[in-house]
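Since the structure comes first, as structure tokens, the remarks are kept for the end.
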Amino acid sequence: MSSSPVRTRFAPSPTGYLHIGGARTALYNWLYARQHKGTFVLRIEDTDRERSREEYLKDIVDSMGWLGLGWDEGPIRQTERIELYRSYVGRLEQAGHVYRCTCSPAELEERRRAAMKEGRPPKYDGRCRRRTDSPAGPYALRFKAPEAGVTEVQDLIRGTIRFPNEEIEDLIVLRSNGMPTYNLTVVVDDAENRITHVIRGEDHLNNTPKQIHLYRALGLDPPQFAHLPLILGEDRSRLSKRHGAVSVTAYREEGFLPEALLNFLARIGWSHGDEEIFTVADLLEKFTLKGVGKTSGVFNEQKLEWLNAHYTRQLSKDELRRRLMPFLVERLRASGGGSDLTIHDSPRTEVATPSDGISSGHSREAEVPRGESEPLVRGSRFTPDWWDRAMDAFRERAGTLKVMAEQMTFLFVESVTFDEKARGKFLRPEALPYLEQAVRSIEEAQPFETAPLEEAFKAICERAEIKMGQLAQPVRVALTGSSASPGIFDVIWLLGRDRTLEGLRKAIAEIRGEVAAG
RNA sequence: GUCCCCAUCGUCUAGCCUGGCCUAGGACACAGCCCUUUCAAGGCUGGAGCACGAGUUCAAAUCUCGUUGGGGACGCCA
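Each residue of the first sequence is one higher than the one before, counting from 16 in the numbering used here.
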């Protein structure tokens, strides 16, 4: 029926960091536009001057860039279009669709409360609509909404929804300070931008009939609507700051990959049979509004982590290293000094995404973080081959990049920090002879590679008639400080012969010291 | 309170539109086992759900109505 090209939009207000729910709305809009070879518009609804902040605008732009959700037009800032809205208000006024309301906010608040208390709908009572005199003083402009009848909303996800008009109040379209309000600007912009599909959160469902009235009064055709189910917190209420980390930025800083976040967000509220893994390319192919469900979903961080681990394993070694590096740098900086990695860049600039010109409105699709700073190294340990093997050794057990960096710390610091429980359990006098034999075989291992090392360790175990664990665990704790790590031979290889021997000797000396003391 | 939306394992969901193939499938999480030098990863197994009540029908998770429950909206916020 609609032959005009698809145009969708994402219209956040810059009153907070880009929210997880907003990101999903953006994703669906972006997917829908891309699938239909349409246009995706970014619009900034900043008419609330009190709460809007540049910092938040920047975060929204950055986060969308990081997620790879590029827009074709915008960002359109509503505060730059005030005259446009006023001209529409003028049209409304001319046609007699609005009237002056001099009721003060305080009065209105009072009446609202009273109405609710008496069980009446808390809508504006229309007293200024009916008055014939024209009182002085500040006034707001109210829209004359139809008083009877029913307004139907055709929702692409929910079908036909009927609202009795008597429930709908005369909304304010122009504040007494001359600023237009949301319900007006949204209608004007969606019409001006020729938006064909408004895909937004279900929290806007009740606004839709009001907006339809405005479209009609203005003689405009409403777009199609699709109201998405909300994303809920653990307590099943709408996800908000109360639930902890809810911004895209927060997850980015925790070391989640945009691939994982996108996949996760797509799957909450939408499904495609039994499938769970969706790359952006998959989503582009498979996403449909019909696949969007009606029930709100709880944000389940464990599943996000599972997806993140999945994508971490999928990344190429180079790419993984590139993305990990800022976390490693941050981690080593935090652990303070004594590291083999020379730090000369910060994480934020490292993972830098297209956060340049917020005014350059051009498509920025899934850009890969660039501008990495190769760590400078002392000695020659950190060869490309070394990094490749390090990535393979650690990627299997990391939920997030941040955790992965933490787990790799021992590779770079002068002396490891022991997990007390692990030390107490494995760095004991009984282990002394095995550690000493390990030192000898590592000294002799030729070439210094995992296979010969493994042979040597096996030989020790056979001679001493012990299990590999009895040898490997003390060695592991001595070298990594922890009882959990990648395979011990990989650990030894990554550490290098000298550092391995140094670590083992330190541990041996420490155990001996304790024996002597105790 | 009023209006609107929603209702399948703890969580995300398939199935519902176009009733029988459903003894309700998958995934995350959880438990056990296997693999194993630890931790993961991987493999196998297991527990776990159609909110309730009427009705329609030979047959209902699927259709209808009601109840209950949850959520959202009720701003000179967006």
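Built from N, CA and C at the ideal position, the CB exists for glycine as well.
DSSP three-state assignment for residue i, whether helix, strand or coil
i	result
residue 170	strand
residue 118	coil
residue 594	Only positions 16 to 533 of the chain appear in the structure, and residue 594 is not among them; the question remains open.
residue 363	The predicted position of residue 363 is uncertain, since its pLDDT is 37 and thus under 50; a value taken from the coordinates is nonetheless stated next. Three-state result, residue 363: helix.
residue 472	helix
residue 413	coil
residue 26	coil
residue 111	coil
residue 158	strand
residue 21	coil
residue 454	helix
residue 381	In this predicted model, residue 381 has a pLDDT of only 30, less than 50, meaning its place in the structure is not dependable; the value taken from the coordinates is given anyway. In the structure shown, residue 381 sits in coil (DSSP, three-state: anything other than H, G, I, E or B).
residue 183	coil
residue 370	A caution first: residue 370 carries a pLDDT of 35, below 50, which makes its placement in the model unreliable, though a value can still be read off. Reduced to three states, the DSSP call for residue 370 is coil.
residue 501	coil
residue 272	coil
residue 247	strand
residue 99	helix
residue 376	With a pLDDT of only 35 at residue 376, under the threshold of 50, the placement of this residue in the model should not be trusted; the figure read from the coordinates follows. Residue 376 falls in the coil class under three-state DSSP.
residue 431	coil
residue 332	helix
residue 397	coil
residue 387	Reliability fails at residue 387, whose pLDDT of 40 lies under 50, so the model's placement of it is uncertain and the value that follows must be treated cautiously. Three-state DSSP puts residue 387 in coil, outside helix and strand.
residue 46	helix
residue 208	coil
residue 66	coil
residue 488	helix
Cross-strand partners of residue i (DSSP beta bridge)
i	result
residue 88	56
residue 241	214
residue 34	262
residue 178	166
residue 253	247
residue 189	156, 195
Heavy atom of the ligand NAD within 8 Å of residue i beta-carbon
i	result
residue 182	Ligands in the displayed structure: none, and consequently the ligand NAD is not present.
Cβ-based burial, residue i [other Cβ within 10 Å; buried from 16]
i	result
residue 147	exposed
residue 317	exposed
residue 417	buried
residue 519	buried
residue 479	exposed
residue 28	buried
residue 24	buried
residue 529	exposed
residue 91	buried
residue 58	buried
residue 109	exposed
residue 234	exposed
residue 419	buried
residue 345	buried
residue 464	exposed
residue 399	exposed
residue 60	buried
residue 232	buried
residue 187	buried
residue 218	exposed
residue 461	exposed
(Q) Could you check whether the stretch 394-412 touches the stretch 494-513, counting it as contact only if at least three pairs of C-beta atoms, one from each stretch, sit closer than 8 Å? (A) yes
Q) Do the stretch 269-278 and the stretch 56-76 meet, that is, are 3 or more Cβ pairs less than 8 Å apart? A) no
Q. Three or more C-beta pairs closer than 8 Å, one from the stretch 205-215 and one from the stretch 251-266: is that the case here?
A. no
Q. Are the stretch 218-227 and the stretch 87-105 in contact at 8 Å, needing three or more beta carbon pairs?
A. no
Q) Given 8 Å as the limit, is there contact between the stretch 433-447 and the stretch 484-499, that is, 3 or more CB pairs closer than that? A) yes
Q.
Measuring CB atoms only, is the stretch 447-459 touching the stretch 303-314, in the sense that at least three cross pairs come out at less than 8 Å?
A. With the cut-off at 8 Å, the stretch 447-459 and the stretch 303-314 do not touch.
Q.
Ignoring anything shorter than 4 residues, give me the alpha helix (DSSP H) runs that lie fully in the stretch 126-150, in order along the chain.
A. 142-145
Q. Does the stretch 114-128 come close enough to the stretch 144-159 to have 3 or more Cβ pairs within less than 8 Å?
A. Contact between the stretch 114-128 and the stretch 144-159 is present, because at least three Cβ pairs lie under 8 Å.
Q: Let me know the alpha helix (DSSP H) ranges lying completely inside the stretch 280-320, each 4 residues or longer, listed in chain order.
A: 295-301
Q) If you pair each beta-carbon of the stretch 518-532 with each one of the stretch 479-494, do three or more pairs fall below 8 Å? A) yes
Q | the stretch 69-76 contacting the stretch 27-39, beta-carbon criterion three pairs below 8 Å | A | yes
(Q) Within 8 Å, do at least three Cβ pairs link the stretch 291-306 to the stretch 439-450? (A) no
Q | Contact the stretch 190-206 vs the stretch 160-167: 3+ CB pairs below 8 Å | A | no
Q. Are the stretch 125-145 and the stretch 243-254 touching by the rule of at least three beta carbon pairs closer than 8 Å?
A. no
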